[in-house]
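Written below as structure tokens is the structure these notes are about.
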Amino acid sequence: MDAVDGALFCPRRGLNPGATQRLERQTNGLLHSRLRVYALLMAITGSLWFVRSLLVEPLGAPGTGVLTLGSLACWLFLRQPRLATRTLTATAAGLFGLG
Numbered sequence: 003m004d005a006v007d008g009a010l011f012c013p014r015r016g017l018n019p020g021a022t023q024r025l026e027r028q029t030n031g032l033l034h035s036r037l038r039v040y041a042l043l044m045a046i047t048g049s050l051w052f053v054r055s056l057l058v059e060p061l062g063a064p065g066t067g068v069l070t071l072g073s074l075a076c077w078l079f080l081r082q083p084r085l086a087t088r089t090l091t092a093t094a095a096g097l098f099g100l101g
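Quick note on numbering: the sequence shown equals residues 3 to 101 in our numbering.
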């Protein structure tokens, strides 16, 4: 019995390398798109907090400014179409660490 084209594992043939690569590309694409959305939401939220802190509490403005600029820089960096999984993971760590 042949392995189905989309199957990752067939008991008689083992792992299907083509399906494993497809799964890795899909996972990478999903991580990429989610990080782009998260970075954009962080930039929008950070800019709102920056304006609020300028009006209410001027001493907190530098921290929210760094958050806004950092998340905007990550969003601009994530506009590249294809990034390696390691690069996306490092960007995610930086983005979540920035928050």
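Positions of the beta carbon are idealized from the N, C-alpha and C atoms, including for glycine. It should be emphasised that the depicted structure is a prediction, and the values quoted were computed from it without experimental measurement.
- If you check the CB distance, Gly99 and Leu69 do not come in under 8 Å.
- Around Thr93, the same chain offers Leu37, Cys76, Phe79, Leu80 as residues with beta carbons nearer than 7 Å, after the five sequence neighbours per side are excluded.
- With a cutoff of 8 Å on beta-carbon distance, Leu74 and Ala95 are scored as not near each other.
- Leu25 and Pro83 have their C-alpha atoms some 18 Å from each other.
- The C-beta of Gly72 has 16 or more other C-beta atoms within 10 Å across all chains shown, which makes the residue buried.
- Judged by their CB atoms, Asn30 and Leu97 are not nearer to each other than the 8 Å cut-off.
- Here the alpha carbon of Pro64 sits roughly 12 Å from the alpha carbon of Arg54.
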